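> To start, I am sharing the structure in question, which I have written as structure tokens.
Number of protein chains: 8
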Amino acid sequence: MSGFTDLGYARVDTDRESRQGLPEVVYGPGKQPAEITGIVTELLGRSTGPVLVTRVEPDVAAQVRVPGGTYDETARLLVWRPAAPGSFRVCVATAGTSDWPVAAESEAVASAIGLSTTVVRDVGVAGIHRLMAAQDDLAQADAVIVVAGMEGALASAVGGLVACPVIAVPTSTGYGAAMEGVTALLAMLTSCAAGLTVVNIDSGFSAAMAAHRLAAVAHR
Amino acid sequence: MSGFTDLGYARVDTDRESRQGLPEVVYGPGKQPAEITGIVTELLGRSTGPVLVTRVEPDVAAQVRVPGGTYDETARLLVWRPAAPGSFRVCVATAGTSDWPVAAESEAVASAIGLSTTVVRDVGVAGIHRLMAAQDDLAQADAVIVVAGMEGALASAVGGLVACPVIAVPTSTGYGAAMEGVTALLAMLTSCAAGLTVVNIDSGFSAAMAAHRLAAVAHR
Amino acid sequence: MSGFTDLGYARVDTDRESRQGLPEVVYGPGKQPAEITGIVTELLGRSTGPVLVTRVEPDVAAQVRVPGGTYDETARLLVWRPAAPGSFRVCVATAGTSDWPVAAESEAVASAIGLSTTVVRDVGVAGIHRLMAAQDDLAQADAVIVVAGMEGALASAVGGLVACPVIAVPTSTGYGAAMEGVTALLAMLTSCAAGLTVVNIDSGFSAAMAAHRLAAVAHR
Amino acid sequence: MSGFTDLGYARVDTDRESRQGLPEVVYGPGKQPAEITGIVTELLGRSTGPVLVTRVEPDVAAQVRVPGGTYDETARLLVWRPAAPGSFRVCVATAGTSDWPVAAESEAVASAIGLSTTVVRDVGVAGIHRLMAAQDDLAQADAVIVVAGMEGALASAVGGLVACPVIAVPTSTGYGAAMEGVTALLAMLTSCAAGLTVVNIDSGFSAAMAAHRLAAVAHR
Amino acid sequence: MSGFTDLGYARVDTDRESRQGLPEVVYGPGKQPAEITGIVTELLGRSTGPVLVTRVEPDVAAQVRVPGGTYDETARLLVWRPAAPGSFRVCVATAGTSDWPVAAESEAVASAIGLSTTVVRDVGVAGIHRLMAAQDDLAQADAVIVVAGMEGALASAVGGLVACPVIAVPTSTGYGAAMEGVTALLAMLTSCAAGLTVVNIDSGFSAAMAAHRLAAVAHR
Amino acid sequence: MSGFTDLGYARVDTDRESRQGLPEVVYGPGKQPAEITGIVTELLGRSTGPVLVTRVEPDVAAQVRVPGGTYDETARLLVWRPAAPGSFRVCVATAGTSDWPVAAESEAVASAIGLSTTVVRDVGVAGIHRLMAAQDDLAQADAVIVVAGMEGALASAVGGLVACPVIAVPTSTGYGAAMEGVTALLAMLTSCAAGLTVVNIDSGFSAAMAAHRLAAVAHR
Amino acid sequence: MSGFTDLGYARVDTDRESRQGLPEVVYGPGKQPAEITGIVTELLGRSTGPVLVTRVEPDVAAQVRVPGGTYDETARLLVWRPAAPGSFRVCVATAGTSDWPVAAESEAVASAIGLSTTVVRDVGVAGIHRLMAAQDDLAQADAVIVVAGMEGALASAVGGLVACPVIAVPTSTGYGAAMEGVTALLAMLTSCAAGLTVVNIDSGFSAAMAAHRLAAVAHR
Amino acid sequence: MSGFTDLGYARVDTDRESRQGLPEVVYGPGKQPAEITGIVTELLGRSTGPVLVTRVEPDVAAQVRVPGGTYDETARLLVWRPAAPGSFRVCVATAGTSDWPVAAESEAVASAIGLSTTVVRDVGVAGIHRLMAAQDDLAQADAVIVVAGMEGALASAVGGLVACPVIAVPTSTGYGAAMEGVTALLAMLTSCAAGLTVVNIDSGFSAAMAAHRLAAVAHR
């Protein structure tokens with residue numbers, strides 16, 4: 001048993017589900033629609049859980065020929081066989097309205113892989129009473145995903161308020177000194193709030209997957 | 001009740017323990033021994049859990065006058081009232097021998113705040129059979145802290161093997177293109193293994209605190 | 001009238017006081033004690049206001065031979081003829097204890113040039129109730145100087161609370177992704193709180209001088 | 001009273017006007033026309049002062065359906081209920097003709113929020129007599145906003161001439177070593193003229209808002 | 001004999017084949033179709049080996065009027081007089097499907113200049129059993145070209161498994177902290193596997209040419 | 001006499017010709033065709049020498065309505081009243097064919113302002129005999145402008161061969177580690193050949209203007 | 001058989017020699033003398049080839065207690081059981097005298113692992129006739145290691161002259177724009193000479209190990 | 001005639017004087033005193049002009065055993081056989097007192113190689129009347145070397161005033177956003193004053209050598 005299927009253009013990791021509880025998630029950019037079709041078909045046949053393709057543009061999504069999938073344009077996500085909501089609760093909080101597409105990816109991926117999600121939007125620290133009003137939502141979560149661009153200060157503020165894991169997602173929102181998200185990334189990494197963790201710029205996907213790992217442990 | 005004590009040079013967050021399950025951890029650099037003494041005394045009096053001071057050099061540690069503390073020179077850590085080991089198991093894995101001081105901080109902080117720890121040292125991917133031999137240690141952990149410098153590839157390798165949360169700590173080990181740890185940091189953030197999270201360069205402390213947040217949820 | 005005195009090693013700008021309301025402030029690094037002595041003597045003779053030398057190390061300060069000066073070791077500041085406190089009130093707020101030396105320079109320069117100062121220390125956003133408790137101090141200020149390292153989130157939080165000018169001073173406190181203060185600098189420049197302004201890393205001096213310009217206008 | 005209105009896609013900070021003397025200014029990028037419409041409508045109903053949306057492209061502006069607004073294409077600014085000119089005088093100075101769009105945003109925002117503005121264009125230091133000829137304009141201002149790209153030397157030159165606050169706006173004018181405005185930004189931050197303050201690259205808006213904070217204090 | 005032909009717009013290095021065993025390879029970007037036509041014609045007339053033009057877009061390729069050439073759209077490569085496969089075996093391994101265009105250039109150039117090539121695709125370390133299954137392919141190669149983006153960890157893993165030369169090609173696959181390939185580049189340069197060498201980002205061409213130099217020595 | 005004409009959108013430096021021997025050269029980007037028209041008309045009326053506008057795209061050039069001008073599309077240069085060739089000889093040398101547009105700007109500007117120019121193209125160090133064959137051309141020049149991208153090694157090679165001034169122009173030719181010309185820029189600044197000077201990336205214009213300053217001195 | 005020995009502080013890769021033809025080379029920095037002693041002892045007992053420790057400072061070297069070793073202070077290298085010189089010839093060429101320590105490491109490691117070495121020093125391109133005079137030495141080599149700092153142009157020049165593999169080692173020689181070796185690194189990666197490969201800054205060791213891989217193939 | 005002497009540790013370029021009018025200048029860092037002694041002895045014997053060693057620390061200078069040399073501690077320069085002052089006049093201008101060591105190197109090298117020098121110190125743009133007062137000194141120069149750190153604005157101001165060549169030397173004076181001289185470097189490269197040229201950070205030597213090249217042409 002090799003644990004993978006060699007399609008020539010891809011070695012599909014069919015062992016992933018048994019190893020990590022979830023079929024391999026397909027990274028869309030740079031793949032032809034026919035390649036996505038082939039990989040998804042293989043994953044659907046060789047596993048039982050949800051199958052996802054991320055960062056898919058609408059024109060590519062339209063060319064992927066596999067029955068039963070749904071496409072979320074804001075999240076740029078293709079999903080087959082979404083999981084039912086589980087008991088692990090994730091709260092996705094955004095600093096500003098402009099951070100929504102990244103948060104949407106996080107929320108959509110988390111939902112598709114079986115996490116229960118809530119969303120709190122536009123609670124940036126420039127009007128900190130908006131965050132304070134959301135404290136109940138935050139307190140009920142098992143993990144908070146903070147999505148923020150510019151200076152990313154929301155991650156520190158949330159990190160100081162809650163006891164649960166905080167996964168910070170820097171976004172490329174902003175201009176000039178925002179440095180395409182690098183400033184938020186570095187700021188979140190040096191947060192004065194202890195125990196925050198950080199994922200790649202604009203990677204709502206990574207934060208959801210990190211939450212999936214948390215849920216795996218919480219369920220033990 | 002203000003939730004803090006104003007010592008003039010510091011506003012000690014005496015509310016932290018009730019909010020986050022652990023007294024404020026003191027960041028040592030830039031503080032005078034007398035200031036550390038004052039803050040630690042206040043924390044010991046206003047809380048019941050472990051009190052820690054991080055990144056303390058030996059000469060400073062020697063001048064902190066509070067009974068009952070212990071000093072770990074490798075981890076540069078001062079601890080009062082360490083917690084008893086709990087049920088949450090953290091495995092600290094290092095890529096090379098030179099990463100040990102950062103891993104030691106992670107291990108020492110994790111132990112002091114009540115996590116059960118194991119250590120796997122020197123399992124870098126240049127001899128990947130060494131990592132394969134450690135798979136049982138990794139499989140039994142509730143979270144893995146991966147400590148690696150240079151190109152930080154160990155985080156990706158571990159991330160692909162385990163299902164539990166992986167917290168990656170880039171270190172400043174290496175020279176030239178290692179860029180004082182920035183290369184490992186960026187590499188870990190763009191890992192092809194999904195759902196890794198990352199903390200600041202050389203911050204064994206942050207990884208242990210992130211594990212503490214995980215344990216808080218796992219215990220719910 | 002040339003408006004300056006040419007000492008060979010320096011052209012002392014004796015016109016500065018009439019042009020900007022304050023004698024030239026001397027930048028200490030790279031100057032010999034004898035050069036500082038010469039420049040200060042010239043400034044004392046050609047102007048009537050306070051004369052300052054910044055960033056002077058103790059061994060250099062000890063070799064500057066001009067009667068009537070005082071040296072502040074924390075602020076690394078030499079002062080002759082300090083001004084009496086005026087009506088313009090500046091509040092210097094720091095995120096952490098480790099930011100104190102930079103804040104001390106800001107406070108000492110501001111005091112020496114005739115501003116009324118108050119200090120609020122250690123109100124970082126990881127325990128945001130500490131900042132909330134300082135709102136009265138902030139509200140009474142004509143300008144707030146926020147001194148913060150690491151991710152510099154305090155500037156955004158303060159910027160959202162007060163209506164007066166906020167001058168943000170990033171500090172080199174922190175390590176790794178703090179990038180010697182560059183992260184705080186960039187974060188403050190991209191703050192979601194509108195109308196903040198920023199000065200150079202670790203430049204408590206610049207913030208005080210910016211406040212001096214504000215006072216000049218407020219007094220019109 | 002929560003101090004905000006939750007529209008789902010945005011938490012409108014309706015408390016901002018009482019806290020800071022001006023309704024929340026809306027950041028346009030990343031928002032749908034319908035979202036801008038909703039937020040502006042809410043702000044107009046819950047406050048009395050000017051309502052602004054920044055960085056709005058013409059095609060988006062055309063789709064915002066709220067009566068009474070005007071659109072300035074150069075400044076990319078939407079304004080409702082502009083304030084009458086107040087007594088605080090701001091002079092906007094540009095180094096070159098190519099810096100005009102950023103200066104235009106600064107001037108338009110400043111006018112809309114009740115500051116009196118004058119403009120001095122194209123006074124870069126390569127022909128410094130042009131700046132010298134503008135000294136009267138500068139001397140009558142309560143604050144000078146200096147807008148300059150490339151090496152940004154105009155900020156230093158102006159900073160040495162006037163006693164009032166100088167707010168420097170680096171622009172992305174130039175190429176190669178201009179580094180999209182980073183060079184001007186860094187240069188302004190290290191200016192040899194004391195007490196300059198700096199805002200984000202190309203952020204004419206931030207400079208105007210900083211001037212608003214100055215005016216608030218000058219009026220006390 | 002000058003060793004070159006001066007076409008005005010180019011000095012064609014007609015001596016290259018005798019000096020390095022291969023005619024000059026033409027770098028396509030920035031050259032007009034007529035210029036490419038002229039240079040290729042000259043090279044075909046003055047040498048006997050394969051003539052290549054790299055990084056040619058389809059519209060440019062269509063305008064190059066020299067009989068006998070073939071165009072590979074994925075590799076963006078024009079070839080005249082390809083060499084027969086020699087005894088030196090190169091294995092091109094990719095971390096992910098998205099790295100294929102760069103690997104395709106490497107494979108196509110290597111084939112055209114007379115190296116024997118095999119390809120192993122999609123063996124990234126997130127599912128390391130896929131790499132382990134390819135060990136035979138790797139073991140039979142005289143050199144391995146590793147093509148990987150994101151964190152580039154595949155280079156370290158391969159470098160630890162094989163004894164032959166490993167040429168690492170970082171790709172610009174990925175986003176955010178992938179920094180357009182800089183992260184993979186730096187990571188490969190600091191690999192814990194000894195004796196790897198690295199070429200420019202996305203330069204499948206350079207890796208193939210480095211392999212050509214290896215073959216030259218192996219044939220001695 | 002103010003020494004400039006204030007057109008509102010520009011302060012034309014009419015004193016420049018008497019001060020520096022050449023009318024102000026107009027920087028095209030960011031200027032409206034009508035603005036260019038106005039400035040050029042003013043310069044033609046107030047000075048006697050050549051009038052140039054740089055970096056003008058064809059569509060803008062077509063809208064500039066001033067009789068007597070010529071437009072060079074490769075150099076993106078508009079010229080009125082070009083000077084007759086003088087005795088100062090400038091040799092423009094390029095490393096590769098792709099560097100030509102930048103070299104063309106240098107050559108066109110130099111010619112327009114009265115320098116005698118020769119061009120040597122495609123003499124990069126990968127085939128150093130091509131450079132050696134050009135030594136006579138180089139030896140007869142009063143200054144050499146070296147235009148090179150990628151690693152910019154041609155500047156060092158030329159700098160070691162000739163005794164006259166060498167002005168190095170880094171170009172953005174190349175990809176990946178070429179860093180849009182930054183690599184060539186830094187390389188030229190640290191050349192082991194003593195006494196090279198460097199101008200901005202892709203600035204053929206600056207090099208020509210630097211040569212104009214040389215000619216001014218040589219003619220004394 | 002696990003293929004490694006677990007010493008607690010290190011997992012010694014005892015399988016390396018059979019896998020790659022050379023025992024694991026020990027990276028010295030960050031290791032205690034006792035740790036080096038333990039690892040070296042283990043390697044000597046479990047393998048038959050040369051055992052090396054790199055980057056060892058003299059005071060550490062003096063504390064390593066294993067008989068039979070020699071220490072090269074310039075190369076900072078400890079060696080036990082050096083190999084006899086083999087048939088593969090490596091030429092180490094340096095651009096300047098200041099690059100010698102890095103070249104010395106390369107030469108010493110290469111010699112110790114059984115390569116035949118020659119050295120050509122101080123052939124930088126500022127006096128290119130010095131390089132031309134060394135062409136015979138270069139032509140007889142099976143591989144050339146080029147060690148150069150500052151702008152690193154020597155790599156391009158050598159790459160254009162020889163047909164064999166060229167391994168470029170950037171050094172941190174130089175100041176300012178040399179950027180601690182980053183400039184040479186980037187320059188070498190973008191060399192106009194095709195097929196160069198590059199290793200980490202100051203890593204004479206890596207270049208020697210890359211040559212070892214070449215020799216392994218040449219011997220097949 | 002090889003044109004160089006091979007001393008083993010150095011290939012002394014004895015042809016340099018005939019090629020470029022000046023013996024090779026020795027770069028001191030990284031060379032042993034005995035090596036400097038050997039190279040200088042060779043240069044004195046094989047040429048007739050001045051022999052210089054740059055960047056020599058006092059303890060090294062004291063160990064160089066060649067009769068007839070002088071050592072300038074501020075300039076860190078060793079000189080044998082200085083040239084008599086020629087007719088080419090160089091003015092070295094500094095922005096601040098702290099820039100003096102770099103300017104001193106420039107002045108000392110220029111004097112030693114036969115240029116006539118004047119110095120104008122401390123004319124930074126914060127008090128621009130100081131520069132205006134120096135216009136006569138500037139006007140009489142054949143070339144101006146501008147030495148400035150921080151934001152380097154002096155180069156632009158001087159560039160706009162004089163017609164002769166301006167060689168800008170950025171210095172590492174300043175802190176934080178001064179970025180060790182990178183800010184001044186980039187600012188000078190993007191100066192709005194046309195035709196400036198720039199040399200490496202802190203390289204007073206390079207500027208003097210560039211002036212030497214100018215003098216060579218002026219003397220034709």
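Residue numbers (the UniProt record's numbering), protein chains in the order written: chain A, 1 to 220; chain B, 1 to 220; chain C, 1 to 220; chain D, 1 to 220; chain E, 1 to 220; chain F, 1 to 220; chain G, 1 to 220; chain H, 1 to 220.
Glycine is no exception: its CB is placed at the ideal position from the N, C-alpha and C atoms.
All figures in this text were calculated on a predicted structure; none of them were measured in a lab.
(1) So Gly149(E) and Ala93(E) are supposed to be a Cβ contact under 8 Å. How far apart are they, rounded?
(2) Using 8 Å as the Cβ pair cut-off and three pairs as the minimum, do the segment 198–205 of chain G and the segment 41–61 of chain H touch?
(3) Rounded to the nearest angstrom, how far is the Cβ of Ala143(F) from that of Val90(F), given a contact under 8 Å?
(4) Do Ala10(C) and Arg121(H) have their C-beta atoms closer together than 8 Å?
(5) What first and last residue would you give for the alpha helix (DSSP H) that runs through Ala110(D)?
(6) Could you spell out where the alpha helix (DSSP H) holding Arg19(F) opens and where it closes?
(7) Tell me whether Ala108(B) is buried or exposed, calling it buried when 16 or more other Cβ atoms sit within 10 Å of its Cβ.
(8) Which residues mark the beginning and the end of the beta strand (DSSP E) in which Thr117(A) is found?
(9) Output, in chain order, the set of chain A residues within a Cβ distance shorter than 8 Å of Arg65(D).
(10) Flag this pair as touching only if the segment 15–31 of chain G and the segment 36–50 of chain F have three or more C-beta atom pairs under 8 Å; answer yes or no.
(11) Can you tell me where the alpha helix (DSSP H) with Ile36(H) in it begins and where it stops?
(12) Tell me, to the nearest whole angstrom, how far the beta carbon of Gly204(A) is from that of Ala103(A); I am working on the premise that it is less than 8 Å.
(13) Hey, which unbroken runs of the alpha helix (DSSP H) at 4 residues or more fall wholly within the UniProt domain "PurE" (88–220) of chain E?
(14) Going by beta-carbon coordinates alone, are Trp80(G) and Gly96(G) separated by less than 8 Å?
(15) In whole angstroms, what is the alpha-carbon distance linking Thr5(D) and Val12(D)?
(16) Just to confirm the assignment, what range does the beta strand (DSSP E) spanning Val25(E) have?
(17) Which same chain residues, not among the five before or five after Leu7(H), have their C-beta less than 6 Å away from its C-beta?
(18) Taking Arg65(A) as the reference, which of Pro33(A), Glu73(A), Ala75(A) and Leu77(A) has the closest Cα?
(19) Suppose contacts are defined by Cβ-Cβ distances below 8 Å. Is Tyr175(C) in contact with Asp202(B) by that definition?
(20) Using a Cβ-Cβ cut-off of 8 Å, state whether Ser98(F) counts as contacting chain G.
(21) If you check the beta carbons only, do Arg213(C) and Pro165(D) fall under 8 Å apart?
(22) Cβ of Met188(B) within 8 Å of Cβ of Ala163(B)?
Reading off the structure:
(1) Wrong, their Cβ atoms sit about 13 Å apart, outside the cutoff.
(2) No contact exists between the segment 198–205 of chain G and the segment 41–61 of chain H.
(3) 5 Å
(4) yes
(5) Trp100 to Ala112
(6) Arg16 to Gln20
(7) Per the 10 Å Cβ criterion, buried.
(8) Ser116 to Val120
(9) Those within 8 Å of Arg65(D) in chain A number zero; the least Cβ separation is about 18 Å.
(10) no
(11) Its alpha helix (DSSP H) spans residues Pro33 to Arg46.
(12) That belief holds up - the Cβ atoms of Gly204(A) and Ala103(A) are roughly 6 Å apart, short of 8 Å.
(13) 100–112, 129–132, 135–139, 153–161, 182–189 and 204–218
(14) no
(15) 5 Å
(16) Neither: Val25(E) is in no beta strand (DSSP E) and is coded neither H nor E.
(17) Only Gly38 meet the Cβ criterion.
(18) Pro33(A)
(19) Tyr175(C) is a Cβ neighbour of Asp202(B), given a cutoff of 8 Å.
(20) no
(21) Yes; because the gap between Cβ atoms is below 8 Å, this pair is in contact.
(22) no
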